[in-house]
DNA sequence: ACATCATTCAAGCGTATGATTGAAGCATAG
DNA sequence: CTATGCTTCAATCATACGCTTGAATGATGT
């Protein structure tokens, strides 16, 4: 350490980057962006085994991207602060800005068609106020119950058909999901547009909406 | 829908993070933040072998953090855009904000003494205008020649003693180096303060100064 | 104190990454 | 057109990481 404080410093910075360098951990962070969670819930949502998820969580904690507290028998994890979210955002921005690969993957989700520009959160808020838009929350029911945009309808990709029949054909639809890392809304919009519906995606997901200080309601 | 577009997306984001997860690559990026460089210059500055440095550069290029162009026989690398710098900055901020380890390392550099708050770039610009401050550039002579803050004196850590004797004892000194990743200025300030001089560190280094749009001069 | 449950630790395995060496491209100079 | 020198590719080894399995820890409740 005293031999090379410079390397030691860089090593610390690299530790944070390394924590973000595994898809499994990004997936965990995306979940935590929705709200704090226990280990089992995280393992369940991300499809990781319990022990594996626990190990990833500890790497994230070592990098101080998440913190934990005990609550009875359970250990609850949450993002340390907004900086963690900022870092994830910037990572995504750089990746999308630079990597043609990302473009191709997102295009593949839309069935080859060009996706329309996303709706800004300010726009959606304004349109919500005048009731001229239908908001779809494309997330599992439990996440929807834990918090969603006021007035939003909940639908998973599998449910989508069921919810559609309740909507007028000329409805303007805005879909959102967990956030920029999540592809549910992309897929939902692609499916809706294939049916000729006027659907667009919200820029960002619930965490970003909440971060803007906009209203969020729990189970209706 | 292929096997898992979601994982594929996360994999792309992880690729960018992975590129930042090795001290050697951070070191390269710090060099490139000073300005574009050839492979050999980078290898020399970072202490890496040529082939090794080239491989790291290709990983950075795969993550689109740097781009390259040919210039005669040489291949010149540079940061793709300001986002790369932003990402490095945020990485450092999160690491310093959260990791007690970083604090200890930086404190170790100051010989255990508390370092004073850094001088903001706006403050330095104002004081430079009124000539009430001496600026020290603590970087190798070639980097100094390639660009430095107007009026700055160049000194390496080894040279420091030589330069000192030219300064009045009551001089107010501001030291800077390559930037937040660089520890030269920390060490120089610690050394100067041990001699009873009124030295402080500039917040950020030359890349940040330049990014602010402030004047930079080349070899005097 | 004991049983119980959620979480963490520990060991093993396969794979990927980083560093080194030596050989192969590629653009300019002669 | 060939020669030179910078850069990159290829092969190798050592190390680290991610995932799985099975046991240990730690707090809770009877």
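Protein chains in written order, with the working numbering: chain Z, 1 to 220; chain H, 221 to 440. Ideal Cβ positions, reconstructed from N, Cα and C, are used throughout, including at glycine.
Cut-off 7 Å between Cβ atoms - residues of its own chain near residue i, not counting five sequence neighbours on either side
i, result
"residue 439 of chain H", "365"
Proximal residues to residue i (C-beta, below 6 Å), its chain only, five neighbours per side dropped
i, result
"residue 405 of chain H", "358, 395, 396, 397, 421"
"residue 3 of chain Z", "Unreliable positioning characterises residue 3 of chain Z in this predicted model, as indicated by a pLDDT of 45, which lies under 50. The coordinate reading is nonetheless provided below. The answer is none, since no qualifying residue turns up."
"residue 76 of chain Z", "36, 38, 69"
"residue 294 of chain H", "258"
"residue 221 of chain H", "Here residue 221 of chain H scores only 38 on pLDDT, less than 50, and its place in the model is too uncertain to base an answer on."
"residue 279 of chain H", "239"
Boundaries of the beta strand (DSSP E) in which residue i is found, first to last residue
i, result
"residue 70 of chain Z", "66-71"
"residue 184 of chain Z", "From DSSP, residue 184 of chain Z is part of no beta strand (DSSP E) but of the alpha helix (DSSP H) over 184-194."
"residue 355 of chain H", "354-357"
"residue 299 of chain H", "294-299"
Length of the line joining the Cα atoms of residue i and residue j
i, j, result
"residue 134 of chain Z", "residue 183 of chain Z", "19 Å"
"residue 437 of chain H", "residue 356 of chain H", "14 Å"
"residue 399 of chain H", "residue 252 of chain H", "11 Å"
"residue 160 of chain Z", "residue 188 of chain Z", "8 Å"
"residue 317 of chain H", "residue 41 of chain Z", "28 Å"
"residue 9 of chain Z", "residue 246 of chain H", "10 Å"
"residue 391 of chain H", "residue 427 of chain H", "25 Å"
"residue 63 of chain Z", "residue 34 of chain Z", "20 Å"
"residue 130 of chain Z", "residue 22 of chain Z", "43 Å"
"residue 80 of chain Z", "residue 65 of chain Z", "6 Å"
"residue 306 of chain H", "residue 45 of chain Z", "31 Å"
"residue 240 of chain H", "residue 95 of chain Z", "13 Å"
"residue 205 of chain H", "residue 250 of chain H", "As displayed, chain H neither begins before 221 nor continues past 440, which places residue 205 of chain H out of reach and without an answer."
"residue 227 of chain H", "residue 410 of chain H", "47 Å"
"residue 52 of chain Z", "residue 72 of chain Z", "22 Å"
"residue 384 of chain H", "residue 343 of chain H", "23 Å"
"residue 162 of chain Z", "residue 43 of chain Z", "29 Å"
"residue 304 of chain H", "residue 281 of chain H", "12 Å"
"residue 50 of chain Z", "residue 181 of chain Z", "22 Å"
"residue 352 of chain H", "residue 429 of chain H", "19 Å"
Own chain partners of residue i with C-beta closer than 8 Å, once the 5 adjacent residues on each side are dropped
i, result
"residue 214 of chain Z", "121, 125, 149"
"residue 82 of chain Z", "211"
"residue 276 of chain H", "242, 244, 245, 248, 268"
"residue 128 of chain Z", "135, 149, 150, 151"
"residue 167 of chain Z", "134, 173, 197"
Nearest candidate by alpha-carbon position, reference residue i, set the options
i, options, result
"residue 151 of chain Z", "Z/173, Z/140, Z/165, Z/162", "Z/173"
"residue 377 of chain H", "H/389, H/361, H/343", "H/361"
"residue 288 of chain H", "H/259, H/305, H/314", "H/259"
"residue 192 of chain Z", "Z/20, Z/155, Z/16, Z/15", "Z/155"
"residue 419 of chain H", "H/429, H/234, H/363, H/339", "H/339"
"residue 425 of chain H", "H/367, H/389, H/385", "H/367"
"residue 15 of chain Z", "H/383, H/311, H/429, H/291", "H/311"
"residue 194 of chain Z", "Z/143, Z/116, Z/153, Z/209", "Z/116"
"residue 88 of chain Z", "H/423, H/389, H/232, H/401", "H/232"
"residue 17 of chain Z", "H/384, H/313, H/343", "H/313"
Residue span of the alpha helix (DSSP H) that contains residue i, given as start and end
i, result
"residue 169 of chain Z", "Per DSSP, residue 169 of chain Z belongs to no alpha helix (DSSP H) and is neither H nor E."
"residue 259 of chain H", "259-266"
"residue 199 of chain Z", "Looking at the DSSP string, residue 199 of chain Z is not in any alpha helix (DSSP H); the run it does join, the beta strand (DSSP E), is 198-201."
"residue 163 of chain H", "Here chain H covers residues 221 to 440 and nothing more, so residue 163 of chain H does not appear."
"residue 97 of chain Z", "82-98"
"residue 240 of chain H", "Counting along the chain, residue 240 of chain H falls outside any alpha helix (DSSP H), and DSSP gives it neither H nor E."
"residue 207 of chain Z", "206-211"
"residue 350 of chain H", "341-350"
"residue 53 of chain Z", "50-62"
Residues that residue i contacts on chain H, provided the C-beta gap is smaller than 8 Å
i, result
"residue 181 of chain Z", "229, 230, 233"
Partner residues on chain Z for residue i, Cβ-Cβ distance less than 7 Å
i, result
"residue 238 of chain H", "21"
"residue 226 of chain H", "183"
Under 8 Å from the C-beta of residue i: neighbouring residues of chain Z
i, result
"residue 304 of chain H", "94"
"residue 311 of chain H", "13, 16, 17, 87"
Partners in chain H for residue i, counting only beta-carbon separations shorter than 7 Å
i, result
"residue 27 of chain Z", "230"
"residue 80 of chain Z", "318"
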